[in-house]
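For the sequence shown, the residue numbers in UniProt numbering are 1 to 264.
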Amino acid sequence: MKKVTLHTLTQMKASGEKITCLTAYDACFAKVQDEAGVEIILVGDSLGMVLQGNNSTLPVTVEEMVYHTRAVARGTQRAMVMADMPFMSYATPAQAMQNAGLLMQAGAHILKLEGGAWLAETVRMLSDRGVPVCAHLGLTPQAVNKLGGFRVQGRTPESARELLDDAAILEEAGASMLLLECVPSSLAAAITQQAQVPVIGIGAGAATDSQVLVMHDLLGLNTGYVPRFVKNFMTEAEDIPGAFRAYVAAVKEGRFPSDEHGFE
Ligand code: KIV
Ligand code: NA
C-alpha cells in the first residue's frame, strides 16, 4: 500500500487518471473510504451543516476541525487527509500560520482555504513553511452572506475571467491544488487546462482532474434541498462500502459526473 502524496496526484493529472475525493468526519467512515480506494479524504467544514445542523459553515471552529481531523487521520492509511480551515481562522496571515499548525499537527496533509487573489500572500507563507494548500474558488460557502446565497459563480464573462486569473495567481503563489465549486463546466475545463496542479471539482463538470462529494449526499442522506451535482450511490450498492466503491468506479470510468450534474 503506497501512500497518496502530492507527487502521486500530479502524476495522475498528467496521465489522465481521475482522482477521487470524499468528505469524512470520523475514523470509521475514513477507514471504509480509504479501503474503497478514495485518494483524498476531506475533513470538510461542511460538518457544520451535516453533523451539527447549522444552515451554513460559519459556526465551525478550529477546535472542532482539529477534533475531526484527528479522528479521520487515525482511520486513514493510504489516502491524503485534507482539512478545511474554518471561517475567519485565516483572516490574516498570522492567524493562518497559527491555526494551520494546529490542523497539520492533528494529522492533515494539506489544508483547504476559500478565497481568490487576496489569499495569495497567505498561500505563499503556508507553502513556504511546508504546509500544502488547496485553494477553493467559485462558490465559497464561508462567503455565503457576501455571495447572496449558494449560487453558481463565474456565469458572466467578467466573473469567469476573474476566476481564471485568481486560479493562476493562487497557483503562482504556491497552491498545490485547486478546488472549484459550482462553476460552469466549460469554465472549470478552462481552469483545469490552465493549471499545472490538480483541480478538484464539485458542480463543476467532468473535465476537472478530480471530483468530490459530501459523504452524506453520496449515501442519500439528504434532508431538504438536493443540489443538482449530487448523486445517490446507495441505489447501486448493497451497503455503504459498496456505495463508496461505486462512486470511485464511476469517477475513474468517467461515468460521474454526467452533464445533468453540471452547470452551463
Ligand atoms: O466542506 C466541504 O465538504 C467542502 C466540499 C463540499 C468541497 O468544502
Ligand atoms: Na468546506
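Where is the CB? At the ideal position from N, CA and C, for every residue including glycine.
Predicted model only: the values in this text are computed from it and were never measured.
Here Asp34 really is in contact with Thr76; their C-beta atoms are around 5 angstroms apart, less than 8 angstroms.
Within the same chain, Cβ atoms closer than 8 angstroms to the Cβ of Val43 are found at Thr23, Ala24, Tyr25, Met65, His68, Thr69, Val72, Val81, Met82, Ala83, Asp84 and Ala108, the five residues on either side in sequence being excluded. The beta-carbon separation of Leu180 and Gly149, rounded to 18 angstroms, does not stay under the 8 angstroms limit for a contact.
Beta-bridge pairing by DSSP links Gln211 to Thr20 and Gly201. Of the candidates Glu158, Asn55, Pro184 and Cys28, the residue whose Cα lies closest to the Cα of Glu264 is Pro184. The secondary-structure analysis by DSSP pairs His136 across a beta bridge with Glu114 and Leu179.
Note that the C-beta distance between Val214 and Cys21 is not below 8 angstroms.
Here the alpha carbon of Pro198 sits roughly 30 angstroms from the alpha carbon of Gln52.
Per the C-alpha coordinates, the member of Val152, Ala195, Ala79 and Gly116 positioned closest to Asp209 is Ala195. Membership of Ala27 in the alpha helix (DSSP H) is indicated by the continuous run Ala27 to Glu35. In the DSSP assignment, Ala83 falls within the unbroken beta strand (DSSP E) covering Met80 to Asp84.
Where Val62 is concerned, the enclosing alpha helix (DSSP H) starts and stops at Val62 to Gly75. Nearest neighbour of Cys134 by Cα position, chosen from Gly115, Ser89, Val144 and Val152, turns out to be Gly115. Counting the other CB atoms within 10 Å of its CB gives Pro86 a total of 16 or more, which places it among the buried residues.
Per DSSP, reduced to three states, the secondary structure at Val123 is helical.
In the pairwise beta carbon analysis, the region 125 to 143 is classified as touching the region 167 to 177: at least three pairs are separated by under 8 angstroms. The alpha carbon of Asp128 has as its nearest neighbour, out of Ala204, Ala175 and Glu17, the alpha carbon of Ala175. Under the DSSP assignment, Leu47 falls in the alpha helix (DSSP H) whose first and last residues are Leu47 to Val50. Proximity to ligand 1 was defined by a C-beta distance below 6 angstroms to any of its heavy atoms, and the residues meeting it, in sequence along the chain, are Thr23, Leu42, Gly44, Asp45, Ser46, Asp84, Leu179, Glu181, Ile202, Val212 and Val214.
Looking at the DSSP output, Ile41 sits in a beta bridge with Leu22 and Val81. A distance below 8 angstroms separates the beta carbons of Val4 and Arg78.
Put simply, of Ser159, Arg151, Met177 and Glu158 the residue whose alpha carbon is nearest the alpha carbon of Leu111 is Met177. Within a 10 Å sphere around the beta-carbon of Pro257 sit 16 or more other beta-carbons, which makes this residue buried.
Rounded to whole angstroms, the gap between the alpha carbons of Thr223 and Arg161 is 35 angstroms.
If you ignore the 5 residues before and after Ala207, its C-beta comes within less than 7 angstroms of the C-beta of Ser185, Ala188, Ala189 and Thr192, all in its own chain and listed in chain order. DSSP places His7 in the uninterrupted alpha helix (DSSP H) bounded by Leu6 to Ser15.
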